[in-house]
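Working notes, structure below.
Numbering (this note's numbering), first residue to last: 231 to 680.
This is the structure in structure tokens:
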């Protein structure tokens, strides 16, 4: 990976793209430190100090600490992520959007435009909820309409500006801009989490005990990273053979290829969906100032709170972890079912004269693809559960309260791998183009007698 970046910096146009991306990320981190006007900076810090688990830590990790500081980028790109998921689901449910998506580049531009409007609408709703919900409880230095409106407009504009930066990175930089912005936000929290681990398990301990704790922590992190890399890159390749056709005096086709099915087909989406559903009641209760009582409702909220999972002194609340695992597996199947259609793949193969060796075209091919897909989804979902549950286990048993969890790890590794692959593809295209140009110049010089 380091060698790839070193070679990329030797190529001028790719070097400019990388430097442009770094400059945009500097702006992102700079904006994350700018406070929102009219906000009491100590309120959110005190609020977080009284929270446990991932009630708001999950959101704070995605915003790179901007939410905890209530900066102008407090909403980060979470409204854009939510709107993108909503549009992807609506594209399956609404025929008009599905037709628009099939129109090619023009259709995708129209959907992107709609996604931007939905993003601004969601940012407006979220910022209003924060300004009103937290504002009444002390977030604003003076709670009135003007100050609340300033907070709403500032947070909405900040989220829209981050969306613009992400699109500019995609256009003029390297990688997917939105993913890169999310990556830098999550990475900004890693040093703080490592410091927390050091102070909790290593600092003040003896040399042998502290060294052993540091070794175990590094071994666990390394094992999770390696496992996540394997999970993200693993794929099942289904062989496809195309029949040979005769056109005029020559034959075409007859080639062999494959359909690559990623083991983690849905990526991090199932984890995000499951986490959002588990945390939604807790967030609403926090806005209303509820959840600390002794009733049945409070007991349910404690079970939904990941801070109580795997805790030896509160094992009765670990039922929430079982619900979380079930939701992750469900959304892995659900999201893959709406993004990968075996019937459409089988029909396209049949129209192109392709078939899977040993499987007849038509319904047998659909059944075969469905069977393989269900098997792969289950393995991928189990992998997601393993990556996600291990941090919960150590947080509950050993009290390692950090925001850096399985979701963050999957996003970091996924974005890094995709960005490196994109840089390598750009280098390959450039080298290939340079080879053709050099070959063309050599032929031209030979023709002219040089």
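Note that beta-carbon positions come from the ideal geometry of N, C-alpha and C, so glycine has one too. Since the model is a prediction, treat every value here as computed from it, not as a measurement.
Next item on the list: Just the C-alpha distance for residue 308 and residue 361, rounded to the nearest angstrom, thanks.
Entry: 17 Å
Notebook entry, point to check: Just curious, the beta strand (DSSP E) that residue 461 is in, first and last residue?
Noted result: That residue, residue 461, is in no beta strand (DSSP E); its alpha helix (DSSP H) goes 437-463.
Check: Tell me the DSSP bridge mates of residue 297?
Finding: Looking at the DSSP assignment, residue 297 forms no beta bridge with any residue, so it has no partner.
Check: So, residue 617 versus residue 454, is the Cβ gap smaller than 9 Å?
Finding: yes
Checklist line | Cα-Cα separation between residue 379 and residue 247, rounded to whole angstroms | finding: 38 Å
Notebook entry, point to check: At which residues does the beta strand (DSSP E) containing residue 489 begin and terminate?
Noted result: 486-492
Next item on the list: May I ask you to verify whether the stretch 482-497 touches the stretch 462-472, counting CB pairs closer than 8 Å and requiring at least 3?
Entry: yes
Margin query: For the alpha helix (DSSP H) containing residue 397, name the first residue and the last one.
Written below: Residue range 375-402 is occupied by the alpha helix (DSSP H) that includes residue 397.
Next item on the list: Output yes or no for whether 9 Å exceeds the beta carbon distance between residue 414 and residue 405.
Entry: no
Notebook entry, point to check: Cα separation between residue 372 and residue 268?
Noted result: Approximately 7 Å, taken between the alpha carbons.
Notebook entry, point to check: Do you know offhand how far residue 297's Cα is from residue 657's?
Noted result: 38 Å
Notebook entry, point to check: Leaving out five residues before and five after residue 243 in sequence, what residues of the same chain have Cβ atoms less than 6 Å from its Cβ?
Noted result: none
Next item on the list: Since I believe residue 357 is in contact with residue 382 (beta carbons under 8 Å), could you give me their beta-carbon distance rounded to a whole number of angstroms?
Entry: 5 Å
Check: CA-CA distance, residue 328 and residue 339?
Finding: 13 Å
Item checked: Whole-number beta carbon distance between residue 442 and residue 602, since they are thought to touch under 8 Å -> Not confirmed; about 44 Å, so no contact.
Check: Can you tell which of 323, 324 and 261 has the C-alpha that lies nearest to the C-alpha of residue 295?
Finding: 261
Check: Does the beta-carbon of residue 347 have 16 or more other beta-carbons within 10 angstroms, so that it is buried, or is it exposed?
Finding: exposed
Item checked: Reference residue 450, options 624, 463, 311 and 240, closest by Cα -> 624
Next item on the list: Tell me whether the beta-carbon of residue 303 lies closer than 9 Å to the beta-carbon of residue 392.
Entry: yes
Notebook entry, point to check: Exposed or buried, which one is residue 239 when buried takes at least 16 other CB atoms within 10 Å?
Noted result: exposed
Checklist line | Start and end residues, alpha helix (DSSP H) containing residue 528 | finding: 526-534
Notebook entry, point to check: In the structure shown, what three-state DSSP assignment does residue 584 receive?
Noted result: Three-state result, residue 584: strand.
Checklist line | Per DSSP, the bridge partner or partners of residue 240 | finding: Paired residue(s): none; residue 240 is not in a bridge.
Next item on the list: Take residue 511 as the anchor and find which of 498, 325 and 531 has the nearest alpha-carbon.
Entry: 531
Check: According to the Cβ coordinates, are residue 258 and residue 411 closer than 9 Å?
Finding: yes
Check: Just curious, the alpha helix (DSSP H) that residue 621 is in, first and last residue?
Finding: Counting along the chain, residue 621 sits inside the alpha helix (DSSP H) bounded by residues 593-628.
Margin query: Looking only at its chain, what residues have a beta carbon closer than 6 Å to the beta carbon of residue 464, apart from the 5 residues adjacent to it on each side?
Written below: Only residues of its own chain outside the window of five on either side were considered, and among them 493 have a CB closer than 6 Å to the CB of residue 464, listed in chain order.
Checklist line | Member of 367, 572, 343 and 386 whose CA lies at the smallest distance from the CA of residue 355 | finding: 386
Notebook entry, point to check: If we count the other Cβ atoms within 10 Å of its Cβ and call it buried at 16 or more, is residue 539 buried or exposed?
Noted result: buried
Checklist line | DSSP three-state assignment for residue 575, whether helix, strand or coil | finding: helix
Next item on the list: Mind the definition here: the stretch 495-509 touches the stretch 549-556 only if three or more C-beta pairs lie below 8 Å; say whether that holds.
Entry: yes
Margin query: Judging by CA-CA distance, which residue of 563, 365 and 300 is the nearest neighbour of residue 498?
Written below: Taking residue 498 as reference, the option from 563, 365 and 300 with the minimal CA-CA separation is 563.
Notebook entry, point to check: When you compare only the Cα positions, how much space is there between residue 582 and residue 473?
Noted result: 9 Å
Notebook entry, point to check: Assuming residue 293 and residue 384 make a contact with CB atoms under 8 Å, what is their CB distance in whole Å?
Noted result: Rounded, the Cβ-Cβ distance is 14 Å, inconsistent with contact.
Check: With contact counted as at least three CB pairs below 8 Å, one residue from each stretch, are the stretch 596-613 and the stretch 568-582 in contact?
Finding: Contact between the stretch 596-613 and the stretch 568-582 is present, because at least three Cβ pairs lie under 8 Å.
Margin query: I'd like to know whether the C-beta atoms of residue 638 and residue 311 end up nearer to each other than 9 Å.
Written below: No, the Cβ-Cβ distance between residue 638 and residue 311 is not below 9 Å.
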